[in-house]
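Here the structure comes first, spelled out in structure tokens, and everything after it is commentary.
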Amino acid sequence: MAFTKLLRIALALLIINICSSFSSTARTEAKQSGTCSFITGNDVMIRTGPGKSYKVVTKMNRGDGVIASHRKGSWVKISARVIGEDNTKPLNGWVNNEFINGCSEPEFDMWRR
Numbered sequence: 074m075a076f077t078k079l080l081r082i083a084l085a086l087l088i089i090n091i092c093s094s095f096s097s098t099a100r101t102e103a104k105q106s107g108t109c110s111f112i113t114g115n116d117v118m119i120r121t122g123p124g125k126s127y128k129v130v131t132k133m134n135r136g137d138g139v140i141a142s143h144r145k146g147s148w149v150k151i152s153a154r155v156i157g158e159d160n161t162k163p164l165n166g167w168v169n170n171e172f173i174n175g176c177s178e179p180e181f182d183m184w185r186r
């Protein structure tokens with residue numbers, strides 16, 4: 074009886090350990106996949122380069138998810154999928170840092186590690 078109880082406890086601890094390693098792995102994979110954050114305003118202009126002088130590629134709205142690859146000054150290079158009238162298309166562009174939640178310089182650098 075005592076052996077069975079001990080075996081059940083060991084099995085429960087093993088299951089807890091396995092589950093916690095899965096959640097840790099999922100967090101690591103999400104971080105490595107590049108998911109940075111979300112657009113924080115409506116009609117935010119996504120440009121071909123890091124500055125207001127560059128052509129506007131499209132506009133994105135609050136809550137749209139983006140993947141940030143690198144930063145140049147106050148501009149962040151992003152990738153996303155834009156949903157059009159009939160299909161989705163990949164987007165590569167630049168957005169000013171003030172329109173991305175979670176991509177302030179310290180947070181951005183921490184996210185890239």
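Numbered continuously in our numbering, the sequence shown closes out at residue 186. From the three backbone atoms N, C-alpha and C, an ideal C-beta is built for every residue, glycine too.
Boundaries for residue 147: no beta strand (DSSP E) harbours it, and the DSSP string shows neither H nor E there. Residue burial annotation: residue 75 is exposed, with fewer than 16 other C-beta atoms found within 10 angstroms of its C-beta. Excluding the 5 residues flanking it on each side, residue 136 has same chain C-beta neighbours closer than 8 Å at 111, 112, in chain order. As a beta-bridge residue in DSSP terms, residue 132 pairs with 118.
In its chain, beyond the 5 residues on either side, 120, 121, 167 have a beta carbon closer than 8 Å to the beta carbon of residue 127. Of the candidates 133, 171, 123, 123 places its Cα closest to the Cα of residue 143.
Spanning the alpha carbons of residue 117 and residue 82 requires a straight line of approximately 54 Å. For residue 149 and residue 77, the gap between their C-alpha atoms comes out near 58 Å.
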